[in-house]
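A.B. asks: Which chain is which? The protein sequence lines are A and B, in order.
Residues in the first sequence are numbered from 4 upward in steps of one, following our numbering.
Residues in the second sequence are numbered from 135 upward in steps of one, following our numbering.
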Amino acid sequence: MRHLKILEYALSSLLRRKYRNISLITVYALTISILASVLFLTHSLKLEAAHILIDAPDLVVQKLSAGRHDLIPSEYAKTIREIPGVGAAEPRYWGYYYDALSHSNYTLIGIDRNLPRLSLIEGRMPSGEGECAIGEGVAIARIVAVGDMMPLISSRDDVVLYKVTGTFRSESNILTNDLIVMGRKDLLQFFNLSADRATDITVTVHNPNEVTTIADKIKKTYPASRPITKNEIIRTYDAVFNWRSGMMLTIFASALIAFCILAWDKATGIGAEEKHEIGILKAIGWDTADILELKFWEGIVISLTSFLIGLIVAFVHVFFLNASILSPVIKGWSVLFPAFRLTPYIDIYQIFVLAFLTVTPYVASTIIPSWKTAITDPENVMRS
Amino acid sequence: MDSLIWTEQVTKRYNPRKPDEILAVDDVSLHIEKGEVVVLKGPSGSGKTTLLSLIGCMGRPTSGRIVIEGKDVAKLPERFLTLIRRRTFGIIFQQFNLIRNVSVLENVLLPLYPVEISFAEMRLRGGKILEDLGIQNRMHMKVNKLSGGEQQRVAIARALINGPEIIIADEPTAHLDRKLSTDLLRILEDLNTAGKTIVIATHDPFVYDHHFVKRTVEMRDGRLLNIQQT
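1) Give me the Cα-Cα distance between A:R238 and A:I217, rounded to the nearest whole angstrom.
2) What runs of the alpha helix (DSSP H), each 4 residues or longer, lie entirely inside the stretch 86-160 of chain A?
3) Ignoring anything shorter than 3 residues, give me the beta strand (DSSP E) runs that lie fully in the stretch 203-270 of chain B, in order along the chain.
4) At a CB-CB cut-off below 8 Å, which residues of chain B make contact with A:S15?
5) Closest to A:A242 by CA distance: which of A:V163, A:A52, A:N24 and A:Y12 is it?
6) By the DSSP assignment, the beta strand (DSSP E) with B:D160 in it spans what residues?
7) Taking the C-alpha atoms as reference points, what is the distance between A:W336 and A:F318?
8) Taking any Cβ of chain A, which residues in the stretch 244-265 of chain B have a Cβ under 9 Å from it, in chain order?
9) Residues of chain A with CB closer than 7 Å to the CB of B:S187, please, in chain order.
10) I need the straight-line Cα distance from B:K182 to B:L188, nearest angstrom please.
11) For a contact defined as C-beta to C-beta under 9 Å, what are the partners of B:N296 on chain A?
12) With a threshold of 8 Å between beta carbons, is A:Y22 in contact with chain B?
13) Give a yes or no on whether the minimum CB-CB distance between A:Y12 and chain B is below 8 Å.
14) Mind pulling the chain B residues with CB within less than 7 Å of A:T376?
15) Helix, strand or coil for A:L62 per DSSP?
16) Relative to the C-alpha of B:P339, which residue among B:E284, B:L138, B:E323 and B:S315 is closest?
17) Strictly below 9 Å CB to CB, what residues from chain B border A:K298?
18) Would you mind giving the Cβ-Cβ distance between A:A136 and A:G126, rounded to the nearest angstrom? I have them listed as a contact below 8 Å.
19) Bridge partners for B:G176 per DSSP, in chain order?
20) I'd like the list of long-range same chain contacts for A:P129, defined as Cβ closer than 7 Å, with 5 residues on each side in sequence excluded.
21) Can you name the residues of chain B whose CB is closer than 8 Å to the CB of A:L284?
22) Go to A:H6, then tell me how far its alpha helix (DSSP H) extends in each direction, as first and last residue.
23) Take every Cβ of the stretch 83-103 of chain A, pair it with every Cβ of the stretch 205-215 of chain A, and state whether three or more of those distances are shorter than 8 Å.
24) Within 8 Å (strictly less), CB to CB, does A:K8 reach chain B?
25) Am I right that A:F310 and A:I37 are in contact with their C-beta atoms under 8 Å? What's the rounded C-beta distance?
26) Would you say B:E299 lies against chain A (beta-carbon separation less than 8 Å)?
27) Say whether the stretch 277-289 of chain B touches the stretch 230-242 of chain B, bearing in mind that this needs 3 or more beta-carbon pairs closer than 8 Å, one atom from each stretch.
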């Protein structure tokens, strides 16, 4: 009962200084929303990337010419398949296409059969020449639907019309959003590629522990090749997003520090009026512990309210507004992508860390100066 | 009569051993009996407010003993002093010391927030006291909207809400006109009739010459000059 009554007085006390507290909550919530946005976005992008890599092959073999990625002879796949321990080796045919109409970058894939983990929202996969299935982002960017004809400009500068036979969905929006899938022959023609060349070769290995051994063997067989393991790709994604989010957090850390200084100043600078109030409360029978509890509740209400508002703003910003403020920095190259919606993922551990780093210092900065006043004789406090 | 308050060679120094040291109370020994009305009188700076604060356990003496209801409060830990302030004393401050922008009722109930009684019981007690003091119709008004006399009554209501044994009042008529001062003294007289011990610090003759004052203690430069029994 006593705690409830002190909580009630704390709320009434906060309402008494509502303009000061509203401005404090606004700045506090804004700081938290920026930090939480960076964390949400980075975490979500990493999970999107992890989704892509679930079905990724154990190895991707590229060919290098003058140190740069070049087309690889399709026949390499046959030789690689014969290496003991290799389960499958398949050439892949794909490329990027910049669409000047929508200022977007699409990924074109040529297939002989359905791709794994892709299911269609509507329609069917392409089965003949001049047909394609597209991701949702492409459909939106080009304003096309199943049954429509979609013009693309080939490498020979010809306008080629493809009939849209279906649109995709997958667990990860990033995987299919910019995708245009067509028959292998169509793709080779579109990019004017030789029939005996592929973009790269995917390799599946029976024993995951043997992946690096197989990669070494491929490298020995084809010295101009570059085998990339799945783990290397995962590590690269992690490093890229961690680096970018780290940069962002470093920049925003200065904002957080600025806020902490402001909060400390607000909280420590308990004005003469607040000191006097503490003196009165002590004089009429409030214990030091009661004063600290009062200040604790005030700090908790301000900081938790700001924290929750900040989290909600960050959630809406990242997952409903596509992180419009931060995405150019965090996503980097993907500015050329058709816009995609991130799947909401929240890491509870990160939320707790953020709460610990923002709520705790504020509550402490509220309690400590009040404690200094509360342990002073009420007579001295009221005199000063 | 039982000795309710007893000070023995009490001294209070501010900023001791510093160039700006002030000797506010100097070697004061005083006994106040249960049910007495005692006035500490003297000019500003004579030490009466400091002595009142020491008696009310709002500060500690630099030396000497202060015994309240048989307990030497000068040596008690802070939490026991809090309990004594809460249970034994009702304090009426010179500046009223009400919390601004808070309602009359909430100000009156302030001493009860840290006490284990229900909201309903608190409000019942608050309503009763405000009714006794004739300001129940101001219950939900902010205190800063009240007149000086009404604020004084709120301060008295707050001092009485815990049912204290001793009322201490610092310059209670300093901000009141003659009519309001008369009303205030009537309230204090009623409280004394009800058995409360009252200690007042004032330099207003209207207070110390009042018929219900049993004893006047004159102070100057922190020392007791003489004690008059009326």
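No residue lacks a Cβ here, since even glycine has one placed at the ideal position from N, Cα and C.
C.D. replies: With the given structure in hand:
1) 19 Å
2) 139-145
3) 223-226
4) V236 and E240
5) A:A52
6) I156 to E167
7) Caution applies to A:W336, whose pLDDT of 48 falls short of 50 and renders its modelled position unreliable; the model cannot decide the point.
8) L244, P245, L246, Y247, P248, V249, E250, I251, S252, F253 and M256
9) E382
10) 10 Å
11) I287 and G288
12) no
13) yes
14) What A:T376 touches in chain B: nothing, since even the nearest Cβ is about 13 Å away.
15) strand
16) B:S315
17) The contacting residues do not exist; A:K298 stays about 14 Å from chain B at best.
18) 7 Å
19) Paired residues: none, contrary to the question.
20) C135, A136, T168, V184, M185 and G186
21) L244
22) R5 to R19
23) yes
24) yes
25) Actually they do not touch by this definition, with Cβ atoms about 13 Å apart.
26) no
27) yes
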